[in-house]
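Each remark here refers to the structure printed beneath this line.
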Amino acid sequence: MSDATKLYRTVPQWLIGALLLAFAITWFSFGHVPLFDEDEGEYAEVAVEMARSGDFITPTLNGQPFFEKPILAFWLQAPLAAAFGAHAWVFRLPSLIACLLWVVALVRFGRRSWDVETGWFAGFLCATSIGVVVSAGAAAMDGVLCLLMALAGFDIFRAWQDESPASRWAVRRAFLWMALGFLAKGPVAIVVPFFLSLSFYVLQGDFRRWLRAVLDLPGWIVLLGIALPWYLAQYHLMGQPFIDYFLLRENVGRLTGALQGHGGSILYYFPVLVLIVLPHTAMLARAGVESWHARSDPLTRFLLLWFVVVFVLFSLATTKLPHYLLIGLTPLFLLMAHHRARLQSWGIAIWPWVLMAGGALALPAAVSWAAAHSHNLYLQEMLGQGPKVFGAGYWGMVSLEIIGTLLVIGWLRAWLKAGPWRLLAITGVASNLMIWTLLLPAAAHLQQDPVLEAARVAGGWSQRVVADNRMPSFAVYSGRPTVNRTPGPGDLVFLRADAESRLPPHAVLFSRGGLRLVRIYGQ
Numbered sequence: 002m003s004d005a006t007k008l009y010r011t012v013p014q015w016l017i018g019a020l021l022l023a024f025a026i027t028w029f030s031f032g033h034v035p036l037f038d039e040d041e042g043e044y045a046e047v048a049v050e051m052a053r054s055g056d057f058i059t060p061t062l063n064g065q066p067f068f069e070k071p072i073l074a075f076w077l078q079a080p081l082a083a084a085f086g087a088h089a090w091v092f093r094l095p096s097l098i099a100c101l102l103w104v105v106a107l108v109r110f111g112r113r114s115w116d117v118e119t120g121w122f123a124g125f126l127c128a129t130s131i132g133v134v135v136s137a138g139a140a141a142m143d144g145v146l147c148l149l150m151a152l153a154g155f156d157i158f159r160a161w162q163d164e165s166p167a168s169r170w171a172v173r174r175a176f177l178w179m180a181l182g183f184l185a186k187g188p189v190a191i192v193v194p195f196f197l198s199l200s201f202y203v204l205q206g207d208f209r210r211w212l213r214a215v216l217d218l219p220g221w222i223v224l225l226g227i228a229l230p231w232y233l234a235q236y237h238l239m240g241q242p243f244i245d246y247f248l249l250r251e252n253v254g255r256l257t258g259a260l261q262g263h264g265g266s267i268l269y270y271f272p273v274l275v276l277i278v279l280p281h282t283a284m285l286a287r288a289g290v291e292s293w294h295a296r297s298d299p300l301t302r303f304l305l306l307w308f309v310v311v312f313v314l315f316s317l318a319t320t321k322l323p324h325y326l327l328i329g330l331t332p333l334f335l336l337m338a339h340h341r342a343r344l345q346s347w348g349i350a351i352w353p354w355v356l357m358a359g360g361a362l363a364l365p366a367a368v369s370w371a372a373a374h375s376h377n378l379y380l381q382e383m384l385g386q387g388p389k390v391f392g393a394g395y396w397g398m399v400s401l402e403i404i405g406t407l408l409v410i411g412w413l414r415a416w417l418k419a420g421p422w423r424l425l426a427i428t429g430v431a432s433n434l435m436i437w438t439l440l441l442p443a444a445a446h447l448q449q450d451p452v453l454e455a456a457r458v459a460g461g462w463s464q465r466v467v468a469d470n471r472m473p474s475f476a477v478y479s480g481r482p483t484v485n486r487t488p489g490p491g492d493l494v495f496l497r498a499d500a501e502s503r504l505p506p507h508a509v510l511f512s513r514g515g516l517r518l519v520r521i522y523g524q
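Residue numbering for the sequence shown follows our numbering, beginning at 2 and increasing consecutively.
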């Protein structure tokens, strides 16, 4: 019997089935939801322009150099766009594959560190946590960075665990993952592994070993040989503006200032953590207590430090966004899986999913309330589409999913006598289904359907459209970059309703969901 066959037979088939079902829901759904603005629209339009121009050094957004993100995302997306066209699934595919590999890496590390079931359950927790599910279906680099940081963290621990000369290969692989991460997201891919490895080695009394690993010459050759050439080429072509915008504004600036209004208090990531691990929050709380008691164990200590480094680093930064915390979830999934049997209460196990179900039921009323109380014209009109979005179809689907999940949970408890932690297999799959069939489609209907319709209207015009970059998916779906400048006489303009009052006299050609297509009157 092969090792693969032995491994399969030692894993509960219900766990494999739940993991495959959760992934299948994401796989068959992620291409049916349109691109969301701004980030997905930006990534997609930059990739389309790169595919058209053949310039794989300087990314552009609507014809202007785009310095907000490093190059790896567009290197992954542009060839796919050239081969298959500008479809949502094309731009999201690299992220989905990265998250799948992230799950595989978790399974392998958990299996080798503890046992087979722990590894597979850690992978399942990853594949069904709301933060990862949304990231897997997003045309961004968060999933890729999470994969690379997971691989770097695993190799850092393996290098410490193995004191033989062979451990240097783990060190050099860690340099490789950091180099690719630097191309995916920038300096954070080096900062996090640096502080994680330093704190762990120091606490273990192995500072000299850490210093040897950090000064490993082949590792630096790998890091600089992979990460540096594009940055040097970009600086050579663009000069100081590239340094000022990418390094100083987009990286240093996020530490010292709240870019684009994305700020928050030092406590910002506490509620974020509770939400992004839904529906497994109850497992998180229990695992946290047990892991703290077992912190003398080197692996447990390493995983706790991993999360703490990420949590503290981003809590201290001035710019805050929920997805920043994703790279700190890898150690939590492993600790949650390892301490799964400590979850003893059925009620505690199910309440996070109940919270999600309650959110889905309350969403129509919340959207209606926000539309009535917003002072922003764009939000009023966009959210005012709620009655059309939350019709009989929505209520039928949400009722079917909630009732079906409760029936399966009742059957599982009554007939299988399963432990409460196994209940998460049901709520995890159910949450995936709720995200992809209810929550994300509702958000897309509200925000992105008007963009799609406006793009179809503008796609038949020969004249280029003037627009700002707040709705970049308009350029993707209209098939042509927009012009980002002050509108003038005779221009066709795409804009949000809250900016219409600042325009010169004009005629409205299209209006829906807080968006306008207008023509400025000529002189």
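Glycine included, C-beta positions come from ideal geometry on N, C-alpha and C.
Being a predicted model, the structure only gives us computed values, none of them experimental.
In the three-state scheme derived from DSSP, where H, G and I count as helix and E and B as strand, LEU425 is classed as helix.
Look at THR27 here: in three-state DSSP terms it is helix. Residue state for PRO66 is assigned as strand, using DSSP reduced to three classes.
A residue is called buried once 16 or more other Cβ atoms fall within 10 Å of its Cβ, and LEU439 is buried on that count.
The bridge partners DSSP lists for VAL519 are VAL494, VAL509.
Taken through DSSP and simplified to helix, strand or coil, ALA234 comes out as helix. The Cβ-Cβ distance between LEU447 and GLY387 falls below 9 Å. Just measuring C-alpha positions, the residue of ALA180, SER474, PRO194 sitting nearest ALA228 is ALA180. Counting only runs of 4 or more residues that sit fully inside the region 432 to 509, the alpha helix (DSSP H) segments are 441 to 448, 450 to 460, 474 to 479, in chain order. Look at THR301 here: in three-state DSSP terms it is helix. For THR61, the pairing in a beta bridge is given by DSSP as PRO66. Here the C-alpha atom of PHE391 lies approximately 48 Å from the C-alpha atom of ALA175. Ranked by how close their Cα comes to the Cα of PRO505, the residues ASN377, VAL519, LEU336, ARG513 have VAL519 in first place. The region 36 to 55 and the region 471 to 484 touch, with no fewer than 3 CB-CB distances between them shorter than 8 Å. If you keep only unbroken alpha helix (DSSP H) runs of at least 4 residues inside the region 342 to 429, you get 347 to 374, 378 to 384, 387 to 390, 393 to 412. Taking one beta carbon from each stretch, the region 75 to 90 and the region 106 to 126 have fewer than 3 pairs nearer than 8 Å; the two do not touch.
Taking the CA atoms as reference points, THR319 sits about 23 Å from LEU305. Around the Cβ of ARG209, a 10 Å sphere holds fewer than 16 other Cβ atoms; the residue is exposed. Taking 9 Å as the cut-off, the beta carbon of GLY289 is found no closer than this to the beta carbon of LEU364. Residue VAL215 holds the alpha-carbon nearest to the alpha-carbon of ARG173 among MET150, VAL215, LEU199. Per the C-alpha coordinates, the member of THR487, ARG517, ARG486 positioned closest to ASP499 is ARG517.
Contact annotation: TRP103 and VAL133 have beta-carbon atoms nearer than 9 Å. Look at SER54 here: in three-state DSSP terms it is helix. Of LEU197, GLY144, ARG481, ALA19, the smallest CA-CA separation from VAL310 is found for LEU197.
In the displayed model, ALA190 falls within a helix according to three-state DSSP. Judged by DSSP secondary structure, ASP156 falls within the alpha helix (DSSP H) whose first and last residues are 143 to 162. When the beta-carbon positions are compared, SER96 and TRP437 stay at least 9 Å from each other.
Sequence-distant Cβ neighbours of ALA342 in its own chain, meaning closer than 8 Å and more than five residues away, are GLY420, TRP422. Within the region 281 to 325, the runs of alpha helix (DSSP H) that reach at least 4 residues and sit entirely inside it are, in chain order, 282 to 294, 299 to 317.
Residue burial is scored here from C-beta neighbours: HIS281 has at least 16 other C-beta atoms within 10 angstroms and is therefore classed as buried. Rounded to the nearest whole angstrom, the CA to CA distance from VAL368 to ARG481 is 33 Å. Apart from the 5 residues on each side of it in sequence, GLY32 sits with its Cβ closer than 6 Å to the Cβ of ALA89, TRP90 in its chain, given in chain order. The alpha-carbon of PHE511 is positioned some 24 Å away from that of ALA371. By alpha-carbon distance to ILE351, the top candidate from ILE98, ALA23, LEU407, LEU101 is LEU407. GLY385 and ILE521 have their alpha carbons spaced roughly 27 Å apart.
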